[in-house]
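Structure first, commentary second.
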Amino acid sequence: MPSPTSGFDRAGGASIGAPLGTPVKVTQGSRTKGGVGESTLRPDGTLKVTGEFAYSSDLWHEDMLWGQILRSTVAHAEIVSLDTSEALATPGVYAVMTYDDLPTDVKHYGLEIQDTPVLAHGKVRHHGEPVAIVAADHPETARRAAAKIKVEYRELPVITDEASATAPDAILVHENRDDHHVGHVPHPNIVHRQPIVRGDADAAAGRADVVVRGEYTFGMQDQAFLGPESGLAVPEEDGGVHLYIATQWLHSDLRQIAPVLGLPENKVRMTLAGVGGAFGGREDLSMQIHACLLALRTGKPVKIVYNRFESFFGHVHRHPAKLFYEHGATRDGKLTHVKCRIVLDGGAYASASPAVVGNASSLGIGPYVVDDVDIEAIALYTNNPPCGAMRGFGAVQACFAYEAQMDKVAKELGLDPVEFRQRNAMEQGALLPTGQRVDSPAPVAELLRRVKAMPLPPERQWESSEGADVRQLPGGLSNTTHGEGVVRGIGYAVGIKNVGFSEGFDDYSTAKVRMEVVAGEPVATVHTAMAEVGQGGVTVHAQIARTELGVAQVTIHPANTEVGSAGSTSASRQTYVTGGAVKNSCELVREKVLEIGRRRFGSHHPAWATAELLLEGGKVVTDGGEVLADLVDVLADEAVEVEAQWRHRPTEPFDLRTGQGNGHVQYSFAAHRAVVEVDTELGLVKVIELACAQDVGKALNPLSVIGQIQGGTTQGLGVAVMEEIIVDPKTAKVRNPSFTDYLIPTILDTPTIPVDVLELADDHAPYGLRGIGEAPTLSSTPAVLAAIRNATGLELDRTPVRPEHLTGT
Amino acid sequence: MRVNFTVNGRPQEADDVWEGESLLYVLRERLGLPGSKNACEQGECGSCTVRLDGVPVCSCLVAAGQVEGRDVVTVEGLAEFARQRAERDRCETASRGDRTAAPGTSLDEARAWQARGSDSQAGEGGELAPIQQAFIDAGAVQCGFCTPGLLVAADEMLEHHPNPTDADIREALSGNLCRCTGYEKIMDAVRLAAARQGEAV
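Chains as they are written, first to last, in my numbering: chain A, 1264 to 2072; chain B, 5 to 205.
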């Protein structure tokens, strides 16, 4: 394993570079200010702090109408009758549309399987399914008109779990499936099944000195991005439509929208509006088609903005899961085998379920070396809310369970939980259960060492001379304890997440880069369709352009569908893939610029032909630092522009029976240490500190990297102790669709999050970087659970932990 | 109904307002000030925080009719508001000598406050408020949807508590949800703004 390079402190000050006195080879961009590796500030920062940044819900257009969606009040029912006449007669209403008003034969959409009706047809399959849409001149008029639509339902029994889904007489959630998974699933109410078998787990179990089994439950988490689903559809003179939208992937939306509207893709123009967070929840369509339909029907711009209540119904959630694990180990602390079965509830529509199954299974045993494994993951069709992408994507649920198991085995063996993990930790060269070799650094043991080595926060602060500050105790300002009944616990966890789209997906991105002289200065313009959702991709694109083109000024063009697809802002992939595309297009632009330079100035200096040439500080220079020409003179009035696609290494699908295959592109590793204090009498938990160590390959922007790690860590904390969408098992109805009842961590719930960043380059990736956004969301949750177990001695096999699980009441 | 009130120092008149409309709706949809955000419209997330006669409120929970004749500051006017406050503080410090703790904005002061120049309405052009600059510098902005409400709340806290402890900051901002940052960079930003404020005095 390569030795760790310098990290940087949690305040974000970078300390990366060669020691003083070492001769440094000058390479492209290594002396460019504001380039890769610096904590440059966001280009949209000023707009965002002044309130000027235009989010999708802020858009306005002359003559604009407001759209409203009528959603089902029951989870599973036949629609007996649907009467829109009263709604249509309401003054101020311009249109009411139902399934019968859809303009073409394409009436369904979906990321992978087109099973989701644009509007319900004869049946609803989950609580909150769109049934009809209304456009009116005031949002309240639209809401009231939608309420006047009369829908008569004949309710059907609800399918809510594996038992009800696979019962012999179970109603099929989707009749007549014809998707490409139906041939290999054991029941039509199972979306996809992925077994992964390697070695002989049964035989290996015979060598185990201890065998530990567990059943775990992972609750349904919501992305809870703050900017509600929203957008503005503007009809255009050529019969097309222009949609301004908050999404994670413009071109994926486009592919699904255009056929439903009966328009060619070039007549559906899409521009990214400001996105108020995403976390997977905007990977599927929400109001896109509805707004376009109403705009085309009325001939007027139509804006739709969900409120928070509707948002809980308007996007997919993280799959809740049941996980069954068996781990075996020898006395000397080596794992013999792992068997597991992961049952993910995909809800009423497929969304990203097949890919979530692929992740959960292939990463199902975590970052450990185990030769004999028997894994199965399935996703169900039920009448629960549809589930799909959320940060961590299948790897989160598995990590919660396998890390609980690792603690249990360590306890059985009488070993320190960190030591036990380190003995089994994967390293570069290890094989995954899929047979794929990990061919880049995998510093699992080192991350655990680092996170354990961080100083611990002081104990029993309430006994200090300042006395108890209730804000730092369980129960907080509710003033429920001044330290009495409070015990501390510490827990560790580590996880592995794949980066990029796996299983043979053609996961490319496109970047258009232009270089020209503007007002006497060389300026680069970067145009991609990447959805900036808050992650800071636009910051990084400007840094890459500066590094590769040696310019100070970079303009980030608004993202739209006038340029090729950038792929999704998900799977921790955008800095890798669209960053890679920007780098690649910049390199092509650089070559062209140098060609122009050779043509114009080649005869002036022999170095044009012989030296390695760099673009630096707005000039063409030799690697020895000699200036050959000013870019302003090289370019003169010429503009150089390149639009090119870029791909990472291809992957393969997993074998449907054995799960073998080189399915993943790259991995991301993070480890956490949680320190909690628990009021054992009231069952209240205060997370005191949540430290993280993560390998990021190369931090293109250290400030943003730390922000991603802290944000991901906090979402993991949320699902450890508070976040869960409660679905009534009798009715499959959602019981807490609001921020009053679905709690996400406040600043009082969130502890300090010290971060130790490791940078071990992945030589396959641009600049050696690793996708980083998701890994911290994996290990955060099991670390908090481990700490609570450590404090209380309780088993705790579900997340989130609620007070009653701690008090037994 | 018609509602007359002052926004960022300017008299505003909103016509045809429904009785059920919130201050947030009137700001965003009738006055062209969408900086205050609509994330939960239930008073849980703080994204719509504005100052009403100097007091931070969730504008989604204020009925439009309640603001008749009153004074509202939104994120769009925050920079100018902070600038004039600093100017006023300087004058008062000069005339009164030492002044360690700012007493906050009195109702009369809040009402008397006027925006200057044509840029403040759109939030363009001028310098940023110290808290705005600190949010940018500390990396406290990711998606930015919570940012306007947090800025208004944090600015108001620093007005009252120029040297807050971490626990004070957390308590003061506990009504503002952020989903992206894990709050650490927000803490850094507020500490930074407080430190810069301290240096400036």
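Heads up, the beta-carbon is just placed ideally off N, CA and C, and yes, glycines get one too.
Take F1316/A, set aside five residues on each side of it, and the residues of its chain with a beta-carbon closer than 7 Å to its own are D1307, L1310 and G1537, in chain order.
In the DSSP secondary-structure assignment, G1758/A is bridged to A1933/A. With a beta-carbon spacing of about 7 Å, L1736/A and E1940/A fall inside the 8 Å limit used to define contacts.
Between the alpha carbons of Y1357/A and R55/B lies a distance of about 37 Å.
Contact between P1458/A and R1936/A fails: their C-beta atoms lie close to 34 Å from each other, not under 8 Å. Contacts between Q201/B and chain A, judged by CB atoms closer than 8 Å, are missing: the closest CB pair is about 17 Å apart.
Beta-bridge partners of W1329/A (DSSP): A1399/A and K1566/A. One thing to note: A1611/A has its Cβ within 8 Å of the Cβ of H1389/A. Of all residues in the region 1303–1322 of chain A, the ones placed with a Cβ closer than 9 Å to any Cβ belonging to chain B are L1304, R1305, D1307, G1308, T1309, L1310, K1311, V1312, T1313, G1314, E1315, F1316, A1317, Y1318, S1320, D1321 and L1322, in chain order.
For S178/B, the nearest CB of chain A lies under 8 Å from its own CB, placing it at the interface with that chain.
A straight line joining the alpha-carbon of G1300/A with that of T1788/A spans about 20 Å. P152/B is positioned such that its CB atom lies closer than 8 Å to that of S40/B. DSSP lists W1909/A as the beta-bridge partner residues of S1772/A. Our two residues, V1606/A and R1456/A, have alpha carbons roughly 9 Å apart in a direct line.
Burial of M1360/A is indicated by the presence of at least 16 other C-beta atoms within 10 angstroms of its C-beta. Below the 9 Å Cβ cutoff, chain A contributes A1487, L1489, F2002, I2007, P2008, T2009 and I2010 as neighbours of L181/B, in chain order.
Taking C-beta atoms as the reference points, Y1755/A and V1714/A count as a pair closer than 8 Å. Of all residues in the region 29–57 of chain B, those with a C-beta nearer than 8 Å to a C-beta of chain A are R32, E33, G36, L37, P38, G39, S40, K41, N42, A43, C44, E45, Q46, E48, C49 and S51, reading in chain order. When C-beta atoms of the region 1443–1456 of chain A are compared with those of the region 2008–2028 of chain A, fewer than three pairs fall below 8 Å, so the two segments do not count as touching. With fewer than 16 other Cβ atoms from the protein chains shown falling within 10 Å of its own Cβ, W1323/A counts as exposed. Under the criterion of beta carbons closer than 8 Å, A158/B and L177/B qualify as touching, at roughly 6 Å. Listed along the chain, the chain B residues whose CB falls inside 9 Å of the CB of N1742/A amount to none; the nearest CB is some 13 Å away. With a threshold of 8 Å between beta carbons, G186/B makes contact with chain A. For the region 1555–1575 of chain A, the set of positions with a beta-carbon nearer than 8 Å to some beta-carbon of chain B reads V1568, N1570 and R1571 in chain order.
Going by DSSP, P1965/A is part of the alpha helix (DSSP H) stretching over P1965 to V1984.
Within the region 1379–1455 of chain A, the alpha helix (DSSP H) runs of at least 4 residues that lie entirely inside it are, in chain order, 1402–1410 and 1425–1429. In chain order, E1492, S1549 and Y1569 place their CB closer than 6 Å to the CB of G1577/A, counting only its own chain and leaving out the 5 sequence neighbours on each side. Burial is judged here by how many other beta carbons sit within 10 angstroms of a residue's own beta carbon; E1879/A has at least 16 and is buried. Within chain B, the C-beta atoms nearer than 9 Å to that of L1966/A come from A142, G143 and K189, in chain order.
Judged by DSSP secondary structure, K1855/A falls within the alpha helix (DSSP H) whose first and last residues are Q1837 to F1864. Residues of the region 1641–1658 of chain A whose Cβ lies closer than 9 Å to any Cβ of chain B: none. Taking the Cα of D1769/A as reference, the smallest distance to any Cα among E1915/A, Y1631/A, V1817/A and V1733/A is reached at E1915/A. For N1687/A, the enclosing alpha helix (DSSP H) covers residues P1680 to N1687.
Contact between the region 1670–1689 of chain A and the region 1639–1654 of chain A is absent: fewer than three C-beta pairs spanning the two stretches fall below 8 Å. If you check each beta-carbon in the region 2015–2032 of chain A against every beta-carbon of chain B, the ones closer than 8 Å belong to T2015 and I2016. A distance below 8 Å separates the beta carbons of V1394/A and V1414/A.
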